[in-house]
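**Student:** Handing you this structure, nothing more for now.
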Amino acid sequence: MNTENINMQAKADSPEMLEEYNGSYSKKVHRIGRATMAIALILSFLPVLFLYFVMGYRVPISTYINVIFALTALCIGMWITEPLIWYPILGAAPTYMAYLSGNVKNIRVPVARSVMKKYGEHSDSPRGQVLATFSVAISVFVNLFILAIIVFTGSYFVPLLPQIVLTALSYVVPALIGALIWFRIEESGWLKTMIWAIPSVVIYIAIHVINIEALSDIGEAISIAVTILIGYVTFKTKKDDDPEPMAETK
(Lines of atoms letter the chains of each structure in order from A and count residues from 1; the text may use other names and numbers.)
(Lines give C-alpha, C1' and ligand atoms only; values in the text may rest on other atoms or scores of the structure.)
Protein backbone atom coordinates (compact mmCIF):
# COMPACT_ATOMS: atom_id res chain seq x y z
CA MET A 1 0.00 0.00 0.00
CA ASN A 2 1.53 3.36 -0.99
CA THR A 3 1.64 6.56 1.07
CA GLU A 4 -1.39 8.05 -0.70
CA ASN A 5 -3.56 5.04 0.12
CA ILE A 6 -2.39 5.07 3.74
CA ASN A 7 -3.29 8.76 4.07
CA MET A 8 -6.69 8.16 2.46
CA GLN A 9 -7.38 5.26 4.83
CA ALA A 10 -6.37 7.32 7.86
CA LYS A 11 -8.62 10.17 6.77
CA ALA A 12 -11.53 7.80 6.12
CA ASP A 13 -11.20 6.35 9.62
CA SER A 14 -10.93 9.71 11.35
CA PRO A 15 -13.60 10.58 13.96
CA GLU A 16 -14.71 13.60 11.91
CA MET A 17 -15.25 11.48 8.81
CA LEU A 18 -17.14 8.79 10.73
CA GLU A 19 -19.33 11.42 12.40
CA GLU A 20 -20.18 13.03 9.07
CA TYR A 21 -20.80 9.62 7.48
CA ASN A 22 -23.16 8.46 10.24
CA GLY A 23 -24.82 11.85 10.51
CA SER A 24 -25.48 14.21 7.62
CA TYR A 25 -24.35 11.86 4.84
CA SER A 26 -26.60 8.95 5.86
CA LYS A 27 -29.58 11.27 6.36
CA LYS A 28 -29.13 12.78 2.89
CA VAL A 29 -28.76 9.33 1.32
CA HIS A 30 -32.05 8.12 2.79
CA ARG A 31 -33.87 11.37 2.00
CA ILE A 32 -32.78 11.38 -1.64
CA GLY A 33 -33.19 7.60 -1.95
CA ARG A 34 -36.75 7.61 -0.65
CA ALA A 35 -37.66 10.56 -2.87
CA THR A 36 -36.30 8.93 -6.04
CA MET A 37 -37.99 5.63 -5.22
CA ALA A 38 -41.30 7.44 -4.69
CA ILE A 39 -40.89 9.23 -8.04
CA ALA A 40 -40.08 5.92 -9.73
CA LEU A 41 -43.19 4.37 -8.17
CA ILE A 42 -45.38 7.11 -9.62
CA LEU A 43 -43.71 6.98 -13.04
CA SER A 44 -44.18 3.21 -13.22
CA PHE A 45 -47.92 3.81 -13.57
CA LEU A 46 -47.53 6.05 -16.63
CA PRO A 47 -47.82 3.21 -19.20
CA VAL A 48 -51.04 2.03 -17.54
CA LEU A 49 -52.44 5.56 -17.47
CA PHE A 50 -51.49 6.03 -21.13
CA LEU A 51 -53.24 2.83 -22.17
CA TYR A 52 -56.29 3.67 -20.05
CA PHE A 53 -56.86 7.36 -20.84
CA VAL A 54 -55.18 7.82 -24.25
CA MET A 55 -55.57 4.48 -26.01
CA GLY A 56 -58.85 3.59 -24.33
CA TYR A 57 -57.82 0.06 -23.31
CA ARG A 58 -60.02 -0.41 -20.26
CA VAL A 59 -61.04 -3.37 -18.14
CA PRO A 60 -63.28 -3.60 -15.06
CA ILE A 61 -61.74 -2.27 -11.84
CA SER A 62 -62.06 -5.74 -10.33
CA THR A 63 -59.48 -6.99 -12.84
CA TYR A 64 -56.91 -4.45 -11.63
CA ILE A 65 -57.58 -5.41 -8.02
CA ASN A 66 -57.22 -9.12 -8.78
CA VAL A 67 -53.91 -8.51 -10.56
CA ILE A 68 -52.61 -6.45 -7.63
CA PHE A 69 -53.49 -9.18 -5.12
CA ALA A 70 -52.03 -11.89 -7.36
CA LEU A 71 -48.73 -10.06 -7.81
CA THR A 72 -48.54 -9.24 -4.12
CA ALA A 73 -49.08 -12.85 -3.13
CA LEU A 74 -46.45 -13.97 -5.64
CA CYS A 75 -43.77 -11.37 -4.90
CA ILE A 76 -44.26 -10.29 -1.28
CA GLY A 77 -41.57 -12.68 -0.08
CA MET A 78 -39.06 -11.36 -2.61
CA TRP A 79 -39.95 -7.74 -1.83
CA ILE A 80 -39.15 -8.30 1.85
CA THR A 81 -36.22 -10.69 1.74
CA GLU A 82 -34.12 -9.39 -1.17
CA PRO A 83 -33.35 -5.97 0.39
CA LEU A 84 -32.38 -7.80 3.58
CA ILE A 85 -29.97 -9.93 1.57
CA TRP A 86 -28.24 -7.22 -0.44
CA TYR A 87 -28.23 -4.25 1.96
CA PRO A 88 -25.38 -5.64 4.14
CA ILE A 89 -23.31 -6.13 0.97
CA LEU A 90 -24.08 -2.85 -0.80
CA GLY A 91 -24.98 -0.34 1.88
CA ALA A 92 -27.65 2.36 1.72
CA ALA A 93 -26.88 4.49 -1.36
CA PRO A 94 -25.91 1.60 -3.68
CA THR A 95 -29.03 -0.33 -2.59
CA TYR A 96 -31.31 2.55 -3.60
CA MET A 97 -29.48 2.89 -6.91
CA ALA A 98 -29.47 -0.85 -7.57
CA TYR A 99 -33.20 -1.30 -6.99
CA LEU A 100 -33.99 1.78 -9.04
CA SER A 101 -31.99 0.50 -12.02
CA GLY A 102 -32.54 -3.26 -11.61
CA ASN A 103 -30.19 -6.22 -12.16
CA VAL A 104 -29.26 -6.21 -8.48
CA LYS A 105 -27.84 -9.69 -7.98
CA ASN A 106 -26.41 -10.30 -11.44
CA ILE A 107 -24.68 -6.94 -12.05
CA ARG A 108 -24.72 -4.42 -9.17
CA VAL A 109 -23.71 -6.75 -6.34
CA PRO A 110 -20.81 -8.49 -8.18
CA VAL A 111 -19.43 -5.14 -9.39
CA ALA A 112 -19.60 -3.49 -5.97
CA ARG A 113 -18.26 -6.58 -4.23
CA SER A 114 -15.31 -6.86 -6.63
CA VAL A 115 -14.29 -3.22 -6.23
CA MET A 116 -14.53 -3.30 -2.43
CA LYS A 117 -12.56 -6.53 -2.32
CA LYS A 118 -9.82 -5.06 -4.51
CA TYR A 119 -9.29 -2.22 -2.05
CA GLY A 120 -9.89 -4.30 1.08
CA GLU A 121 -12.99 -2.39 2.19
CA HIS A 122 -16.44 -3.31 3.49
CA SER A 123 -19.80 -1.65 2.94
CA ASP A 124 -20.04 -0.50 6.57
CA SER A 125 -17.05 1.85 6.22
CA PRO A 126 -17.17 5.34 4.65
CA ARG A 127 -14.52 4.43 2.08
CA GLY A 128 -16.32 1.19 1.23
CA GLN A 129 -19.56 3.10 0.71
CA VAL A 130 -17.87 5.53 -1.67
CA LEU A 131 -16.36 2.65 -3.65
CA ALA A 132 -19.68 0.77 -3.80
CA THR A 133 -21.62 3.88 -4.80
CA PHE A 134 -19.27 4.79 -7.65
CA SER A 135 -19.04 1.19 -8.88
CA VAL A 136 -22.83 0.79 -8.96
CA ALA A 137 -23.25 4.18 -10.67
CA ILE A 138 -20.70 3.32 -13.36
CA SER A 139 -22.28 -0.10 -13.87
CA VAL A 140 -25.65 1.58 -14.46
CA PHE A 141 -24.25 3.84 -17.20
CA VAL A 142 -22.36 0.99 -18.84
CA ASN A 143 -25.43 -1.24 -18.59
CA LEU A 144 -27.66 1.40 -20.20
CA PHE A 145 -25.13 1.99 -22.98
CA ILE A 146 -24.85 -1.71 -23.81
CA LEU A 147 -28.61 -2.17 -23.47
CA ALA A 148 -29.26 0.66 -25.91
CA ILE A 149 -26.94 -0.95 -28.46
CA ILE A 150 -28.61 -4.34 -28.03
CA VAL A 151 -32.12 -2.89 -28.30
CA PHE A 152 -31.35 -1.06 -31.55
CA THR A 153 -29.12 -3.72 -33.14
CA GLY A 154 -30.07 -6.92 -31.33
CA SER A 155 -32.37 -8.24 -34.02
CA TYR A 156 -29.47 -8.11 -36.47
CA PHE A 157 -26.57 -8.97 -34.14
CA VAL A 158 -27.90 -11.84 -32.00
CA PRO A 159 -28.60 -14.24 -34.92
CA LEU A 160 -24.95 -13.85 -35.94
CA LEU A 161 -23.70 -15.28 -32.64
CA PRO A 162 -22.69 -18.97 -32.66
CA GLN A 163 -24.96 -21.36 -30.78
CA ILE A 164 -22.29 -22.10 -28.18
CA VAL A 165 -22.26 -18.41 -27.18
CA LEU A 166 -26.05 -18.27 -26.94
CA THR A 167 -26.02 -21.39 -24.75
CA ALA A 168 -23.30 -19.93 -22.53
CA LEU A 169 -25.43 -16.85 -21.80
CA SER A 170 -27.72 -18.97 -19.60
CA TYR A 171 -24.76 -19.61 -17.27
CA VAL A 172 -23.94 -15.95 -16.64
CA VAL A 173 -25.97 -15.57 -13.44
CA PRO A 174 -24.72 -18.85 -11.86
CA ALA A 175 -21.16 -17.77 -12.70
CA LEU A 176 -21.65 -14.41 -10.98
CA ILE A 177 -23.15 -16.05 -7.89
CA GLY A 178 -20.23 -18.48 -7.88
CA ALA A 179 -17.81 -15.54 -7.96
CA LEU A 180 -19.52 -14.03 -4.90
CA ILE A 181 -19.28 -17.35 -3.07
CA TRP A 182 -15.58 -17.58 -3.94
CA PHE A 183 -14.99 -14.10 -2.49
CA ARG A 184 -16.51 -15.37 0.74
CA ILE A 185 -14.38 -18.53 0.67
CA GLU A 186 -11.20 -16.49 0.22
CA GLU A 187 -12.09 -14.36 3.24
CA SER A 188 -13.44 -16.98 5.66
CA GLY A 189 -12.35 -20.38 4.33
CA TRP A 190 -14.36 -23.36 3.10
CA LEU A 191 -15.75 -24.50 6.44
CA LYS A 192 -17.16 -21.17 7.60
CA THR A 193 -18.58 -20.49 4.14
CA MET A 194 -20.34 -23.85 3.88
CA ILE A 195 -22.13 -23.17 7.18
CA TRP A 196 -24.13 -20.49 5.37
CA ALA A 197 -25.31 -23.03 2.79
CA ILE A 198 -26.84 -25.36 5.40
CA PRO A 199 -30.32 -23.69 5.49
CA SER A 200 -30.66 -23.81 1.69
CA VAL A 201 -29.51 -27.44 1.54
CA VAL A 202 -31.96 -28.47 4.28
CA ILE A 203 -34.87 -26.68 2.57
CA TYR A 204 -33.95 -28.21 -0.81
CA ILE A 205 -33.87 -31.73 0.68
CA ALA A 206 -37.17 -31.14 2.49
CA ILE A 207 -38.91 -30.03 -0.72
CA HIS A 208 -37.37 -32.24 -3.40
CA VAL A 209 -36.35 -35.37 -1.47
CA ILE A 210 -38.80 -35.64 1.43
CA ASN A 211 -41.52 -33.96 -0.70
CA ILE A 212 -42.82 -31.53 1.91
CA GLU A 213 -44.95 -29.50 -0.49
CA ALA A 214 -45.93 -26.98 2.19
CA LEU A 215 -42.39 -25.60 2.10
CA SER A 216 -42.39 -24.98 -1.65
CA ASP A 217 -43.95 -21.52 -1.24
CA ILE A 218 -42.09 -20.38 1.88
CA GLY A 219 -38.86 -22.35 1.61
CA GLU A 220 -36.83 -19.38 0.39
CA ALA A 221 -38.11 -17.15 3.19
CA ILE A 222 -37.29 -19.79 5.82
CA SER A 223 -33.81 -20.29 4.36
CA ILE A 224 -33.11 -16.55 4.45
CA ALA A 225 -34.46 -16.21 8.00
CA VAL A 226 -32.29 -19.07 9.27
CA THR A 227 -29.25 -17.64 7.47
CA ILE A 228 -29.84 -14.25 9.11
CA LEU A 229 -30.09 -16.00 12.48
CA ILE A 230 -26.81 -17.83 11.87
CA GLY A 231 -25.19 -14.55 10.85
CA TYR A 232 -26.40 -12.84 14.02
CA VAL A 233 -25.16 -15.67 16.24
CA THR A 234 -21.81 -15.67 14.42
CA PHE A 235 -21.50 -11.91 14.83
CA LYS A 236 -22.31 -12.05 18.55
CA THR A 237 -19.92 -14.95 19.10
CA LYS A 238 -17.09 -13.18 17.30
CA LYS A 239 -17.81 -9.96 19.18
CA ASP A 240 -17.74 -11.74 22.53
CA ASP A 241 -14.47 -13.50 21.65
CA ASP A 242 -12.70 -10.30 20.59
CA PRO A 243 -10.58 -8.85 23.40
CA GLU A 244 -11.60 -5.50 24.79
CA PRO A 245 -9.47 -2.66 23.45
CA MET A 246 -6.93 -1.41 25.96
CA ALA A 247 -7.45 2.07 27.22
CA GLU A 248 -4.94 4.61 26.03
CA THR A 249 -2.43 5.77 28.57
CA LYS A 250 -1.50 9.37 28.58
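In this text, residue positions in the sequence shown follow UniProt numbering: the first is 1, and each later residue adds one. Even for Gly, the Cβ is constructed at its ideal location relative to N, Cα and C. Quick caveat: nothing in here was measured; it's all calculated off a predicted structure.
Between which two residues does the alpha helix (DSSP H) containing residue 162 stretch?
**Tutor:** No alpha helix (DSSP H) contains residue 162, which DSSP labels as neither H nor E.
**Student:** Sorted by chain position, which residues of the same chain lie with C-beta nearer than 7 Å to residue 140's C-beta, five sequence neighbours on each side aside?
**Tutor:** Here the set comprises 97 and 101.
**Student:** Does the Cβ-Cβ distance between residue 199 and residue 227 come in under 7 Å?
**Tutor:** Result yes, Cβ atoms of residue 199 and residue 227 sit closer than 7 Å.
**Student:** Taking just the CA atoms, how far does residue 62 sit from residue 72?
**Tutor:** Cα to Cα, residue 72 sits roughly 15 Å from residue 62.
**Student:** How many Å lie between residue 225 and residue 196 at the Cα?
**Tutor:** For residue 225 and residue 196, the distance between alpha carbons rounds to 11 Å.
**Student:** Does residue 210 come out as helix, strand or coil in the three-state DSSP assignment?
**Tutor:** In the structure shown, residue 210 sits in coil (DSSP, three-state: anything other than H, G, I, E or B).
**Student:** What is the DSSP secondary structure of residue 123, counted as helix, strand or coil?
**Tutor:** Correct three-state label for residue 123: coil.
**Student:** Closer than 8 Å by C-beta to residue 26: which residues in its own chain qualify, once you throw out the five before and the five after it? Chain order, please.
**Tutor:** Contacts found: 92.
**Student:** Quick check: the stretch 156–173 against the stretch 127–143, are at least 3 beta-carbon pairs closer than 8 Å?
**Tutor:** Contact between the stretch 127–143 and the stretch 156–173 is absent, because fewer than three Cβ pairs lie under 8 Å.
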